[in-house]
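Chains as they are written, first to last, in our numbering: chain A, 1 to 336; chain B, 1001 to 1260. Down below is the structure, laid out as structure tokens.
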Ligand SMILES: Cc1cc2nc3c(=O)[nH]c(=O)nc-3n(C[C@H](O)[C@H](O)[C@H](O)COP(=O)(O)OP(=O)(O)OC[C@H]3O[C@@H](n4cnc5c(N)ncnc54)[C@H](O)[C@@H]3O)c2cc1C
Ligand SMILES: Nc1ncnc2c1ncn2[C@@H]1O[C@H](COP(=O)(O)O)[C@@H](O)[C@H]1O
């Protein structure tokens, strides 16, 4: 039977949250189409032996009725050509009603590889999909989320990626049902070997900018690389990380790894402290997932100030050290 | 080494994006235009690669598909080191669907290669700043029979081999490709240089080749109905002060949020 197929963009057996969001989105579409949801997992025999059970259980909890396991020695690790070719083989054999993946680096890339191979349209970063009419009506994000685009999709096989965090991953309410697994063995040619991951290097462990509960960010208003010392100090006191705007990375004051925004990192801290940042839309889309925002700016009209929940209208060079001093004072002499 | 970079002209939007009344385009009445940061870095990377190889025979061509005015983005690329400039004419074409865009660029690459020789490396941005389709480069590379990896933040060239590093949450993955190949580049791979006065002057005189191969590119299956802004979070800003004396109020807030 036909199904809505969901590519699980795992990393050597570890499913990212995005795949669970994609399964959740797929459930709604599958209900509309009155077909089941099937997951597609690519790997080699060892991967299925060590991580299969865990992956299948996760898929079942998020509503998959079945799993198509694409097995091949070239699928031991990720590779865009290998994944694209394996997906094309799956589509050819299983004739799904639609194929969905999370709009993550891997999900987006593998789906584009599939789209190129099948010459089908691919709608990237969808936030809502309706199959009720022909052509399908879809809303997707543009400009990293600053703008929405309603599109229609005419295709014999809709290919979609789901914008990260646009759907909250929800397990099926009445518990996971038994899941059926079916193997397929894609015939992968030499082209699949052109782009395999050859090596991995780990640089950071622990909290990253995207997972930090506190982010203290600086913009052009900080004025220099040295000016960030006061922000580093405050971030350290709060167990957080330092972020920055593109004006800062462009000036070479900080590494791009610290940049928040459309072409930087999306953050979602408990509080974002934005110092000397005007709040251009491309910066804002990276920061808008923050639960609370405190803007420190000399300009009360700055976009960051008008959009923030809290603001201090003053020179950051005076305010930031004063906040650190106040924290130290309270820690040294706790009130009783 | 012969390198091609594909760049797209996009409006330079500020604090909010306005849409035209018919919902078909970003209202650019009061806006300048720019190149996506990813693509700006791709141009810089291409120039740095040729510089590392010793300049000379190593060249950087730059291609854009769009309206006449896109020549502005090509000239900017020329001012920082691009040499061969190609404008694929697409009337009103900033908003073509990704399949059609890819078909037109594929045809243009074939035309440029027929006259000037094969590109050893084609660089794209990871995604376009406006459309964000995450696919044009991949479609073009596939149609040309070349491998491509997206999300690249480091490139080393040794002989006909290319080592490319792709950023992950924890560090990076390493890919090894043989030329000819393509890569999708992310901002942060380098710090783009600013054009020098000399670069700016000579780019004004640079030749822009106009290609009309986009005419045959068929529309894809994705069609725009309407652009609109997402609902804005209603916000009232609580003012905590207008001097360093606001510090205690800020620390009270941090305490309340449980992050102290
Ligand atoms: C396609 C595209 C993608 C982009 N992606 C990103 C991205 O990922 N991230 C990003 O950040 N930008 C991005 N940008 C750039 C963005 O448009 C802005 O140019 C940038 O965010 C501005 O940085 P800024 O706020 O630090 O600088 P400015 O806009 O110059 O603002 C500086 C602010 O500091 C305040 N200030 C000055 N002095 C002080 C002081 N002493 N104390 C307190 N306040 C002070 C000023 O009032 C002002 O509000 C992108 C642009 C494009 C076109
Ligand atoms: N109109 C265009 N002209 C030149 N290059 C483009 C165009 N559209 C997209 N590209 C290239 O393809 C990449 C991916 O675009 P997209 O699939 O729209 O996200 C961009 O970063 C550019 O390098």
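Where a beta carbon is used, it is the ideal one built from N, C-alpha and C, also for glycine.
Residue i: contacting residues in chain B (beta-carbon distance under 9 Å)
| i | result |
| --- | --- |
| residue 95 of chain A | None at all; the shortest Cβ gap to chain B is about 18 Å. |
| residue 342 of chain A | For residue 342 of chain A there is no data in the structure shown, the boundaries of chain A being 1 and 336. |
| residue 44 of chain A | Near residue 44 of chain A there are no residues of chain B at all, since even the closest Cβ is about 17 Å away, more than 9 Å. |
| residue 101 of chain A | Here the premise fails: no neighbours, minimum Cβ distance about 11 Å. |
| residue 277 of chain A | Residues of chain B passing the Cβ test: none, with the nearest at roughly 12 Å. |
Listed by chain order, chain A residues near residue i by CB distance under 7 Å
| i | result |
| --- | --- |
| residue 1251 of chain B | 323, 326, 327 and 330 |
| residue 1173 of chain B | 197 and 200 |
| residue 1009 of chain B | In chain order: nothing, as chain A lies at least about 15 Å away. |
| residue 1180 of chain B | By Cβ distance, chain A contributes nothing, its closest Cβ being about 11 Å from residue 1180 of chain B, past 7 Å. |
| residue 1088 of chain B | Chain A residues near residue 1088 of chain B: none, gap ~19 Å exceeds 7 Å. |
| residue 1149 of chain B | 80 and 195 |
Residue i (DSSP reduced to helix, strand or coil)
| i | result |
| --- | --- |
| residue 1001 of chain B | coil |
| residue 48 of chain A | helix |
| residue 128 of chain A | strand |
| residue 1245 of chain B | helix |
| residue 305 of chain A | helix |
| residue 1171 of chain B | strand |
| residue 286 of chain A | helix |
| residue 180 of chain A | strand |
| residue 297 of chain A | coil |
| residue 238 of chain A | coil |
| residue 217 of chain A | strand |
| residue 75 of chain A | helix |
| residue 272 of chain A | strand |
| residue 1191 of chain B | coil |
| residue 62 of chain A | coil |
| residue 374 of chain A | Outside the shown range of chain A, which is 1 to 336, sits residue 374 of chain A, and nothing can be said about it. |
| residue 1046 of chain B | helix |
| residue 1130 of chain B | coil |
| residue 1228 of chain B | strand |
Closer than 8 Å at the beta carbon, the chain B residues around residue i
| i | result |
| --- | --- |
| residue 125 of chain A | 1132 and 1134 |
| residue 143 of chain A | 1013, 1017, 1129, 1130 and 1132 |
| residue 281 of chain A | 1013, 1014, 1015, 1016 and 1017 |
Segment limits, alpha helix (DSSP H) that includes residue i
| i | result |
| --- | --- |
| residue 332 of chain A | 316-332 |
| residue 1072 of chain B | 1071-1079 |
| residue 1198 of chain B | 1197-1205 |
| residue 251 of chain A | No alpha helix (DSSP H) contains residue 251 of chain A, which DSSP labels as neither H nor E. |
| residue 80 of chain A | 80-94 |
| residue 113 of chain A | 105-118 |
| residue 1116 of chain B | 1098-1116 |
| residue 24 of chain A | 17-33 |
| residue 1029 of chain B | Segment: none, residue 1029 of chain B is in no alpha helix (DSSP H) and carries neither H nor E. |
| residue 1139 of chain B | 1136-1143 |
Chain-ordered neighbours of residue i on chain B, where CB pairs are closer than 7 Å
| i | result |
| --- | --- |
| residue 117 of chain A | 1142 |
| residue 151 of chain A | 1222, 1223, 1224 and 1225 |
| residue 256 of chain A | 1187 and 1188 |
| residue 131 of chain A | Neighbours of residue 131 of chain A on chain B: none; closest Cβ ~14 Å, over 7 Å. |
| residue 292 of chain A | 1257 |
| residue 108 of chain A | 1134 |
Terminal residues of the beta strand (DSSP E) in which residue i lies
| i | result |
| --- | --- |
| residue 1180 of chain B | Where residue 1180 of chain B is concerned, there is no enclosing beta strand (DSSP E), given that its DSSP letter is neither H nor E. |
| residue 1034 of chain B | 1033-1035 |
| residue 1084 of chain B | 1084-1089 |
| residue 98 of chain A | 98-102 |
| residue 1124 of chain B | 1121-1125 |
Under 8 Å by beta carbon: chain A residues contacting residue i
| i | result |
| --- | --- |
| residue 1158 of chain B | By Cβ distance, chain A contributes nothing, its closest Cβ being about 14 Å from residue 1158 of chain B, past 8 Å. |
| residue 1024 of chain B | In chain order: nothing, as chain A lies at least about 10 Å away. |
| residue 1176 of chain B | 198 |
Within chain A, the residues that residue i reaches when beta carbons sit closer than 9 Å
| i | result |
| --- | --- |
| residue 1099 of chain B | 115, 119, 120, 121 and 122 |
Any chain C beta carbon closer than 7 Å to residue i
| i | result |
| --- | --- |
| residue 265 of chain A | Of the protein chains in the structure, A and B, none is chain C. |
* Asked: Which residues, in order along the stretch 1182-1204 of chain B, keep a beta-carbon less than 7 Å from a beta-carbon of chain A?
  -> Within the stretch 1182-1204 of chain B, the qualifying residues are 1187, 1188 and 1191.
* Asked: Given a limit of 8 Å on CB to CB distance, which residues of the stretch 188-215 of chain A reach chain B?
  -> Flagged, chain order: 191, 194, 195, 196, 197, 198, 199, 200, 201, 202, 203, 204, 205, 208, 210, 213 and 214.
* Asked: Is it true that the stretch 153-160 of chain A meets the stretch 83-98 of chain A, where meeting means three or more beta-carbon pairs spaced less than 8 Å apart?
  -> Enough Cβ pairs lie closer than 8 Å, so yes.
* Residues of the stretch 1215-1238 of chain B with Cβ closer than 9 Å to any Cβ of chain A, in chain order -> Cβ contacts with chain A come from 1220, 1221, 1222, 1223, 1224, 1225, 1226, 1227, 1228, 1229, 1230, 1232, 1233, 1235, 1236, 1237 and 1238.
* Near-chain B residues of the stretch 162-182 of chain A - C-beta to any C-beta below 9 Å -> Identification of residues in the stretch 162-182 of chain A having a C-beta nearer than 9 Å to some C-beta of chain B yields an empty set.
* Is the stretch 1008-1017 of chain B touching the stretch 323-332 of chain A in the sense that three or more CB pairs, one from each, lie closer than 8 Å? -> With contact defined as three or more Cβ pairs closer than 8 Å, the stretch 323-332 of chain A and the stretch 1008-1017 of chain B are not in contact.
* Answer yes if the stretch 64-74 of chain A comes into contact with the stretch 107-115 of chain A, meaning at least three C-beta pairs across the two stretches below 8 Å, and no otherwise. => No contact exists between the stretch 107-115 of chain A and the stretch 64-74 of chain A.
* Tell me, please, whether the stretch 1148-1161 of chain B touches the stretch 1179-1193 of chain B by the rule of three or more beta-carbon pairs shorter than 8 Å. => Cβ pair count under 8 Å is three or more, so yes.
* To do: Name, going along the chain, the residues of the stretch 295-319 of chain A whose beta-carbon falls closer than 7 Å to a beta-carbon of chain B.
  => Among the residues of the stretch 295-319 of chain A, those with a Cβ less than 7 Å away from any Cβ of chain B are 303, 305, 306, 307, 308, 309, 310, 311, 312, 313, 314, 318 and 319, in the order of the chain.
* Asked: Of all the residues that make up the stretch 1053-1069 of chain B, which are near chain A by a beta-carbon distance shorter than 8 Å?
  -> Residues passing the 8 Å Cβ filter: none.
* To do: Would you check if there are 3 or more beta carbon pairs closer than 8 Å linking the stretch 229-249 of chain A to the stretch 193-204 of chain A?
  => Output reads no: the stretch 193-204 of chain A does not touch the stretch 229-249 of chain A.
* Asked: Should the stretch 310-319 of chain A be called in touch with the stretch 1031-1048 of chain B, which here means at least 3 C-beta pairs below 8 Å?
  -> The answer is no - the stretch 1031-1048 of chain B does not touch the stretch 310-319 of chain A, with fewer than three Cβ pairs under 8 Å.
* Check whether the stretch 35-54 of chain A touches the stretch 120-137 of chain A, taking contact to mean three or more Cβ pairs, one atom from each stretch, closer than 8 Å. => Short answer: they don't touch.
* To do: Name, going along the chain, the residues of the stretch 1031-1047 of chain B whose beta-carbon falls closer than 8 Å to a beta-carbon of chain A.
  => Listed by position along the chain: 1036, 1037 and 1038.
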